[in-house]
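Protein chains in written order, with my numbering: chain A, 1014 to 1148; chain B, 1014 to 1148. Beneath this line is the structure, given in structure tokens, with notes to follow.
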DNA sequence: CGCATATCCGTGCTACCGTACGGATATGGC
DNA sequence: GCCATATCCGTACGGTAGCACGGATATGCG
């Protein structure tokens, strides 16, 4: 591909360069978004938002996924600090983290869901019908 | 891993099962989130939000990425219906789609960015320092 | 008409993600 | 103490995403 050394609109390029989100922030933000960009993890968060807390096996049962998948997804969310655990005997109960901005994120997700319905409906991106997420 | 046939808290499992987001919706939503879960695409959207429209080469220049990467990212966003194009001669100008909920999404991203700063700061997820996003 | 340029497209490669499997660890019950 | 169970962990593997490279296409310019 050509190297394109000559900007077409130098002024706008400068404005964009100056104001665009930095690579550091973009990395963190996209990392978080990528973390949410998984059917299992999104549904885990939704489920935990519904019921205060639930253990790994019950979450797997509720979502119709293997305990491995639930455990893996929960570990990712926990590593990112989005959920926290309470251990009671052999059972580990997961819940949304105290710092979790429930209403905000729920609002965001609801709106993004609406957007996804009209924007990317016909594009079978990852996990739309490829995996059996339920039952 | 054990099969866990006996739910610990059957009531909550039922509640979670009934109210949790469906697999269909989860697929679309996570697909959209995964689409946003890429440093290049997030920054492309930010840049397009700053300046009304910009062509591929200038966007690559502004973000310090190759034109291939810009073209690829823009194609993804266009396929999902998040951006639209205007062709003028050889140059293709990209802008946010008319249906793009600017203030909403911007608000969401800003808040998520804040969340990412305190939640996943110490976890080098994808793209934090792995890729050269700028310069 | 021939050349330069802006963008797209097909292909191949590398890296990584999510899952399954087997085993390890911890805890409770008998 | 011994066994069952809930969860985690290490490993291996299939699938796929994102990028580079070369070429194709289209358009402006002389």
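Think of the CB as a built atom: it goes at the ideal place given N, C-alpha and C, for glycine as much as any other residue.
In this structure residue 1047 of chain A is buried. Its beta-carbon is surrounded by 16 or more other beta-carbon atoms within 10 angstroms.
Residue range 1104 to 1109 is occupied by the beta strand (DSSP E) that includes residue 1108 of chain A. In this structure, the alpha-carbon of residue 1049 of chain A lies about 6 Å from that of residue 1043 of chain B.
Chain-order list of chain A residues neighbouring residue 1085 of chain B: empty, with the shortest C-beta distance near 11 Å, by a criterion of under 8 Å.
When Cβ pairs closer than 8 Å are counted between the two stretches, the segment 1099 to 1116 of chain A is seen not to touch the segment 1064 to 1071 of chain B, the count staying below three. The contact set of residue 1050 of chain B on chain A, defined by CB atoms closer than 7 Å, consists of 1043, 1046, 1047 and 1050 in chain order. With contacts defined as CB atoms closer than 9 Å, residue 1056 of chain A and residue 1076 of chain A qualify as a contacting pair.
Less than 9 Å divides the Cβ of residue 1120 of chain A from the Cβ of residue 1121 of chain B. Shortest Cα-Cα distance from residue 1060 of chain A to any of B:1088, B:1038, B:1117 and B:1029 involves B:1029.
Beta-carbon to beta-carbon, residue 1041 of chain A and residue 1080 of chain B are separated by about 26 Å, too far to satisfy the 8 Å threshold. Counting along the chain, residue 1098 of chain A sits inside no alpha helix (DSSP H); it lies in the beta strand (DSSP E) bounded by residues 1096 to 1101. The beta carbon of residue 1084 of chain A sits closer than 6 Å to the beta carbons of 1069 from its chain, once the five residues preceding and following it are set aside; these are given in chain order.
Sequence-distant Cβ neighbours of residue 1054 of chain A in its own chain, meaning closer than 8 Å and more than five residues away, are 1048, 1086, 1089 and 1090. Among the CB atoms of chain B, one or more fall inside 9 Å of the CB of residue 1056 of chain A.
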